[in-house]
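Below: one structure, written as structure tokens.
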Amino acid sequence: KVTHIYWRPDSMFESEGEDTLQPGGSLCMEALPPTCVNVDVGCLEAAGSITTAKLPRGLEQLHADSNKFIGSFDITGLPPNISVIDIGENSFDGELLISAFPASMKNFHGSFNRFSGPLDIAGLPDTICHLELESNKFSGPLSLEVLPSALEAIVLCDNCFDTEKLVVGKLPPNLYKVDVSAETFGRIEDPEGNLVDYVCMYVCNDIID
Numbered sequence: 020k021v022t023h024i025y026w027r028p029d030s031m032f033e034s035e036g037e038d039t040l041q042p043g044g045s046l047c048m049e050a051l052p053p054t055c056v057n058v059d060v061g062c063l064e065a066a067g068s069i070t071t072a073k074l075p076r077g078l079e080q081l082h083a084d085s086n087k088f089i090g091s092f093d094i095t096g097l098p099p100n101i102s103v104i105d106i107g108e109n110s111f112d113g114e115l116l117i118s119a120f121p122a123s124m125k126n127f128h129g130s131f132n133r134f135s136g137p138l139d140i141a142g143l144p145d146t147i148c149h150l151e152l153e154s155n156k157f158s159g160p161l162s163l164e165v166l167p168s169a170l171e172a173i174v175l176c177d178n179c180f181d182t183e184k185l186v187v188g189k190l191p192p193n194l195y196k197v198d199v200s201a202e203t204f205g206r207i208e209d210p211e212g213n214l215v216d217y218v219c220m221y222v223c224n225d226i227i228d
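Count the sequence shown with this note's numbering and you get residues 20 to 228, in order.
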């Protein structure tokens, strides 16, 4: 049975035959074998969409970065045990319901897409370690008052957050990077003094209380 699919340009574009996927070709993710656990189809410049409810139910890792996928990415339809997703550098749009991540989720990379709407950071599962959503169109208030206990890095720069202030709460013990550097907040409230010795909090043109 097929459990792993590795389909990168160096292994596919140079092959011959009618199964060869050419750059810009269409890739049907719904046709993945149901036994797949790890799928890597990154950097193919492939077109298409991803219906999460039709992904293999045992899938644990999905790497589909640097393609031309469009449409929404429905978090509620994800396989229950998936832990790593990389869909960066595509053209996904619509809201991203990160509060619906399965409890197994650890790393989610969705930078350089067209996602929009609010982000419920407080609703993230405690298991998540890395969240990267740089260069999208997220808007509305942004709060870092409640963060997952396992969080190590969160990258939210170059979005459209309209909050007048950013409230920072207790920081997780292993957190080493918070990047909101392209946002302009009226002020940053840090009532517990968590940022005093925290050198990896990237902000610009802000006032820290």
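C-beta atoms are modelled at their ideal positions from N, C-alpha and C, and glycine is treated no differently.
- If you draw a 10 Å sphere on the C-beta of Pro53, you find fewer than 16 other C-beta atoms in it, and that means exposed.
- In the structure shown, the three-state DSSP call for Ser135 is strand.
- Per the C-alpha coordinates, the member of Pro191, Glu183, Asn178 positioned closest to Ser200 is Asn178.
- Excluding the 5 residues flanking it on each side, Lys156 has same chain C-beta neighbours closer than 7 Å at Arg133, Phe134, Ser135, Asn178, Cys179, in chain order.
- The C-alpha of Phe127 lies about 11 Å from the C-alpha of Thr146.
- Every beta strand (DSSP E) stretch that sits fully inside the segment 141–167 and reaches 3 residues is listed by chain position as 149–151, 156–159.
- Across the set Leu150, Pro160, Val186, Ala169, the C-alpha of Leu150 shows the shortest separation from the C-alpha of Ser130.
- Pairwise C-beta distances place the segment 52–70 in contact with the segment 87–99, as three or more of them are shorter than 8 Å.
- Val187 and Phe204 have their alpha carbons spaced roughly 12 Å apart.
- With a 10 Å radius around the Cβ and a threshold of 16 neighbouring Cβ atoms, Gly107 comes out buried.
- Ranked by Cα distance from Glu211, the first of Val165, Asp181, Asn193 is Val165.
- Runs of the alpha helix (DSSP H) spanning 4 or more residues and lying entirely within the segment 51–79 do not occur at all.
- The beta carbon of Gly113 is closer than 6 Å to those of Ser91 in its chain, skipping five residues each way along the sequence.
- Annotated three-state conformation of Glu171 is coil, per DSSP.
- Ser45 is bridged by DSSP to Ala66.
- Excluding its 5 nearest sequence neighbours in each direction, Thr71 has C-beta neighbours in its own chain below 6 Å: Asp93, Gly96, Leu97, listed in chain order.
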